[in-house]
Amino acid sequence: LILQELEAACASDPALATAMDDKNACKLFVKNLENVQGDERDVIMISVTYGPSPAGEPMRHQFGPLGQAGGERRWNVLVTRAKQEVLVFSSIEPEDIML
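Sequential numbering of the sequence shown, starting at 337, is according to our numbering.
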């Protein structure tokens with residue numbers, strides 16, 4: 337969904353289209369956690385795509401590969417791809433996660 341929205345926005349934003357062009361050496365990319373190894377950028381933006389459950393239900397704590405054995409290594413690979421800054425976007429609040 338994120339990639340689809342970015343590609344649609346390229347039609348009206350030439351700067352974004354240039355940033356996403358395959359000919360650009362520092363191309364803006366959208367990848368899942370498993371495919372980011374080896375790609376470095378000045379800024380890495382992380383979208384946490386886990387969200388609240390329907391009203392009245394507790395949030396499920398299934399965080400995919402991050403919650404499995406070795407998840408901390410995957411997280412480390414992801415955040416160390418940023419040369420300068422890591423930005424995290426999420427639709428959940430810390431209080432939504434009950435430990």
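The beta carbon of each residue, even a glycine, is placed where N, CA and C say it ideally should be.
DSSP, read as helix, strand or coil, puts Val413 in helix. Going by beta carbons, Ile428 and Pro388 fall inside the 8 Å limit. The continuous stretches of alpha helix (DSSP H) do not include Ile382, which lies in the beta strand (DSSP E) extending over residues Arg377 to Val384. Exposed is the label assigned to Ile338, since fewer than 16 other Cβ atoms lie within 10 Å of its Cβ. Per DSSP, Ala405 is not a residue of any alpha helix (DSSP H), being assigned neither H nor E. Closest by C-alpha distance to Ala418, out of Glu343, Ala391, Asn371 and Glu376, is Glu376. Inter-residue distance for Val422 and Ile382 is about 7 Å (C-alpha atoms, whole angstroms). Where Gln398 is concerned, there is no enclosing beta strand (DSSP E), because DSSP gives it neither an H nor an E. Around the beta carbon of Ile380, 16 or more other beta carbons sit within 10 angstroms, so the residue counts as buried.
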